[in-house]
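In terms of the working numbering, the sequence shown opens at residue 9 and continues consecutively.
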Amino acid sequence: MDRLEAMHVFVTVADLRGFAPAARKLQLSPSAVTRLIAALEEHLGARLLQRTTRQVRLTDVGTRYLERARRILADVEEADGSAREERNRPSGRLVVSAPLGFGRLHVAPVMTDYLKRYPEVTAELRLSDNLVNLVEDAVDAAVRIGHLADSSLVARQVGEMRRITVATPGYLKRNGEPKTPQELHAHQTIAFGPYANWHFVQDGRDIEWTPTPRFTSNSADAALQYAEAGGGITRVLAYQAAEGLKRGRLKIVLAKYEQPALPIHIVYPTSRLLSAKVRAFIDLVVETAEWRFG
């Protein structure tokens, strides 16, 4: 027995003072209405309705139960309505994860715009270069750069990112510009991040080059600062060097040997019944963010 359905049938019978009119209103057969009322009474161990050939009336227990059943059904309807409204209008708390540097420069401005548009949402932006588990860490959506491992997460591509090799014009003037990856052996190099080898595409095949760096850092800012001081050639993501390139402090080398651009995705646990707050965030990224660093 579905107790909520049985309650609903009981309230309808009591309101209409009969099984037949209740059956017509609920579009059920009279026998189905009778079975549900009987099952509810058996479950409660008490008679709720007195039936005669002419009328149906409430027992004392039925009168008291009717009042409580009305409250329960009203609360359920209110809860259902609230859930439907929340799904259709952004509200509640949104938690987004993003890489540290990219999140600070490019995701945070989107979050600012998002909160201005949707005043009923509170948001948290978690910045970390560590891969988070969305379900275990209660994260609604994550921005990720690079090819994704197979998983149960849903992914939507929202941009792309080149990995570029750069140096200052002054360094290149003094030391010459490398024309092929092999010529990097003659240069000072700066290593950034967990990538031990630098990867290029030459003659249609992937090649690896292992640097012997003069300077190494886990910070792109530190690596680029040393490069902009004329320290050598480094390899970073395009957004990290964007300001230096724009200002002419850096120049891209070996562009024709670059690997294809890395995808930028927003990932989230499921697309089924996606909440309005997550859907609105994804739509805003697609609408406003210029995340094509290609």
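For each residue, glycine too, the CB sits at the ideal point set by N, CA and C.
The Cβ neighbour count for THR242, taken over all protein chains shown within 10 Å, is at least 16; the residue is labelled buried. Of the other Cβ atoms in all chains shown, 16 or more fall within 10 Å of the Cβ of VAL147; this residue is therefore buried. Of the residues ASP10, ARG62, PHE289, the one whose Cα lies closest to the Cα of ALA40 is ASP10.
As DSSP reads the structure, GLU132 sits in a beta bridge with VAL103. With contact defined as three or more Cβ pairs closer than 8 Å, the region 280 to 299 and the region 190 to 199 are not in contact. Using a 10 angstroms sphere on the CB of ARG170, the tally of other CB atoms reaches 16 or more, which defines it as buried.
Residue pairing for TRP206: DSSP places it in a beta bridge opposite TRP217. LYS181 carries a helical assignment under DSSP once its states are collapsed to helix, strand and coil. Contact between PRO107 and GLU128 fails: their C-beta atoms lie close to 28 Å from each other, not under 8 Å. DSSP places GLU236 in no beta strand (DSSP E) but in the uninterrupted alpha helix (DSSP H) bounded by 228 to 236. In terms of Cβ geometry, LEU56 and LEU66 form a close pair [threshold 8 Å]. By the Cβ-count criterion, ARG152 is buried, with 16 or more other Cβ atoms from all chains shown falling within 10 Å of its own Cβ. Beta-bridge pairing by DSSP links ILE272 to ILE153, GLY167. When DSSP states are grouped into helix, strand and coil, LYS259 belongs to the strand group. Distance from ALA175 to ALA230 at the Cβ level is roughly 16 Å; contact not present, criterion being Cβ atoms closer than 8 Å. Per DSSP, reduced to three states, the secondary structure at SER225 is strand. Residue environment for GLN248: buried (at least 16 other C-beta atoms within 10 angstroms of its C-beta).
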